[in-house]
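Q: Here the sequence shown is numbered in full-length UniProt numbering, starting from 1 and rising by one per residue.
C-beta: ideal position from N, C-alpha, C; glycine also.
Can you keep this structure in mind? I'll have questions shortly.
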Amino acid sequence: MFYLVYSGGVENTGPLWIFIVAPVSVFIHGLKRGLIDIALFVAIISTIMFMPTDIIAHAIYSTEFKLRLLYSFLTVTFLSALYEYSRDKSYKHTLELSKKYQQLAHYDPLTQLSNRRDALCILKQEQARMIRSKEPLSIIICDVDHFKKINDQYGHNAGDIVLVELAKIFTNNIREQDFVARWGGEEFLFILPQTLAKNANLVAVKINEKLQNNLVDYEGKEIKVTVSMGIEQFNDNQSIDEIINSADKYLYQAKNSGRNQIFPKF
1 MFYLVYSGGV ENTGPLWIFI VAPVSVFIHG LKRGLIDIAL FVAIISTIMF
51 MPTDIIAHAI YSTEFKLRLL YSFLTVTFLS ALYEYSRDKS YKHTLELSKK
101 YQQLAHYDPL TQLSNRRDAL CILKQEQARM IRSKEPLSII ICDVDHFKKI
151 NDQYGHNAGD IVLVELAKIF TNNIREQDFV ARWGGEEFLF ILPQTLAKNA
201 NLVAVKINEK LQNNLVDYEG KEIKVTVSMG IEQFNDNQSI DEIINSADKY
251 LYQAKNSGRN QIFPKF
């Protein structure tokens, strides 16, 4: 482009090609870098066109042509920059929406824990790792005792606060490599890599002890919350559904034994 402005091209029409510089610059380099490139380009071609020919020989253009060329180029630059700004803003908005929907697809909005879908994905990954490494993998299914009574007595907002408080307690009492997810309703699922069932029982006992000394405050009222838990350890020849069902059976045993229990007993 510099050469076309300098030489004039065919019948001094060379400068007409410079209009492609603005859209191409902002498209390739982005808005900020593109505008810097365009500013440098305008400065250089202005120097070339307005420099006296007795200093450097170059194509001669009328003053009206040079001014109109620059005004037109700056107009195209403005429109290109406006388009690039709108496109970039739209892209970022779309990206934010995508992240938001992805989060909604994998996380529970109330407790901010993984949801059932995400928990299943994690379980599959951990099961595959267990098969490769031959290291143990255990799960705990946890259910809030008498959750319906809490909702009936204190209201659904109180029930939500109980779930949020439990999520915090669970998260603070597991290891960094462990996972806890909201499995559904008032049920939670713990995924414990490199953990035997008897060690998963220690985790369950620790959480139970924390809950014994914890009261959930709701509008000045203190709510006592207990949970029942079922523990199961993965075996190589068992599917995820089979392990979940087995842990569920232990959970129902805990419920039928008076709640606030952990099964199996170790």
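#1: Which partner residues does Glu232 have in the DSSP bridge list?
#2: I'd like to confirm the pairing. Which residues does DSSP put opposite Arg182 in its beta bridges?
#3: With a threshold of 16 other CB atoms inside 10 Å of the CB of Met229, please say whether the residue is buried or exposed.
#4: If distances are taken between C-alpha atoms only, which option among Gly184, Gln253, Ile141, Asp160 comes closest to Val203?
#5: What residue does the beta strand (DSSP E) around Lys149 start on, and which one ends it?
#6: Could you check which residue in Leu16, Phe234, Ile207, Asp217 has the C-alpha nearest to that of Ala197?
#7: For the structure I just gave you, are there three or more beta carbon pairs, one from the stretch 236–246 and one from the stretch 213–224, closer than 8 Å?
#8: What is the rounded straight-line gap between the Cα of Tyr101 and the Cα of Ala181?
#9: Val227 bridges to which residues according to DSSP?
#10: Starting from Tyr3, trace the alpha helix (DSSP H) both ways and give me its first and last residue.
#11: Exposed or buried, which one is residue 272 when buried takes at least 16 other CB atoms within 10 Å?
#12: With distances taken Cα to Cα, identify the nearest neighbour of Thr63 among Leu166, Ser46, Leu79.
#13: How should Val10 be labelled, buried or exposed, when 16 other C-beta atoms within 10 angstroms of its C-beta is the threshold for buried?
#14: Looking only at its chain, what residues have a beta carbon closer than 8 Å to the beta carbon of Ile122, apart from the 5 residues adjacent to it on each side?
#15: Considering only C-alpha positions, which residue in the set Asp143, Leu40, Phe266 is nearest to Leu74?
#16: Going by the CB atoms, is the gap between Ala81 and Val26 shorter than 7 Å?
#17: Going by Cα to Cα distance, which pick from Pro193, Val162, Glu186 is closest to Glu176?
#18: Determine which residues share a DSSP beta bridge with Ile262 and list them.
#19: Output yes or no for whether 7 Å exceeds the beta carbon distance between Ala200 and Ile150.
#20: Anyone know if the C-beta pair for Lys66 and Met51 falls short of 7 Å?
#21: Pull up the CB-CB distance for Ala59 and Tyr6, whole angstroms please, since I reckon it's below 8 Å.
#22: Please determine if the stretch 252–264 and the stretch 203–214 are in contact, where contact requires at least 3 C-beta pairs separated by less than 8 Å.
A: Let me spell this out:
#1: Counted from its first residue, the sequence shown places residue 232 at position 232. Bridge partners of Glu232: Ile139.
#2: The residue given as residue 182 occupies position 182 in the sequence shown. Looking at the DSSP assignment, Arg182 forms a beta bridge with Phe188.
#3: As a position in the sequence shown, residue 229 is number 229, starting the count at 1. Met229 comes out buried.
#4: Here residue 203 refers to the residue found at position 203 when the sequence shown is read from its first residue. With distances taken between Cα atoms, Val203 lies closest to Ile141.
#5: Position 149 of the sequence shown, counted from the first residue, corresponds to residue 149. Per DSSP, Lys149 belongs to no beta strand (DSSP E); it is in the alpha helix (DSSP H), 147–154.
#6: As a position in the sequence shown, residue 197 is number 197, starting the count at 1. The option with the nearest alpha carbon to Ala197 is Phe234.
#7: no
#8: Numbered from its first residue, the sequence shown carries residue 101 at position 101. Numbered from its first residue, the sequence shown carries residue 181 at position 181. Distance between the alpha carbons of Tyr101 and Ala181: 18 Å.
#9: Counted from its first residue, the sequence shown places residue 227 at position 227. The partner list for Val227 (beta bridge, DSSP) reads Val144.
#10: Taking the first residue of the sequence shown as 1, we reach residue 3 at position 3. First-last of the alpha helix (DSSP H) with Tyr3: 2–7.
#11: Since the displayed the chain opens at 1 and closes at 266, residue 272 lies outside it and no answer follows.
#12: Stepping through the sequence shown from its first residue, residue 63 is reached at position 63. Comparing Cα-Cα distances from Thr63 to each of Leu166, Ser46, Leu79, the minimum goes to Ser46.
#13: Within the sequence shown, residue 10 is the residue found at index 10, counting from 1. By the 10 Å Cβ count, Val10 comes out exposed.
#14: Mapped onto the sequence shown, residue 122 falls at position 122. For Ile122, where only same-chain residues beyond five positions count, the Cβ hits under 8 Å are Ser114, Phe179, Ala181, Ile191.
#15: To locate residue 74, count along the sequence shown from 1; it is residue 74. Selected option, being the one with the closest Cα: Leu40.
#16: For the purposes of this step, residue 26 is taken as the residue at position 26 of the sequence shown. For the purposes of this step, residue 81 is taken as the residue at position 81 of the sequence shown. Yes; because the gap between Cβ atoms is below 7 Å, this pair is in contact.
#17: Mapped onto the sequence shown, residue 176 falls at position 176. Closest by alpha carbon: Pro193.
#18: Residue 262 sits at position 262 when you count from the first residue of the sequence shown. Met229.
#19: Numbered from its first residue, the sequence shown carries residue 200 at position 200. Numbered from its first residue, the sequence shown carries residue 150 at position 150. The answer is no: Cβ separation not under 7 Å.
#20: In the sequence shown, residue 66 corresponds to position 66, counting from 1. In the sequence shown, residue 51 corresponds to position 51, counting from 1. Contact: no.
#21: Your numbering for residue 59 matches position 59 in the sequence shown. Your numbering for residue 6 matches position 6 in the sequence shown. Yes, they are in contact, since the Cβ atoms of Ala59 and Tyr6 sit about 7 Å apart, within 8 Å.
#22: yes
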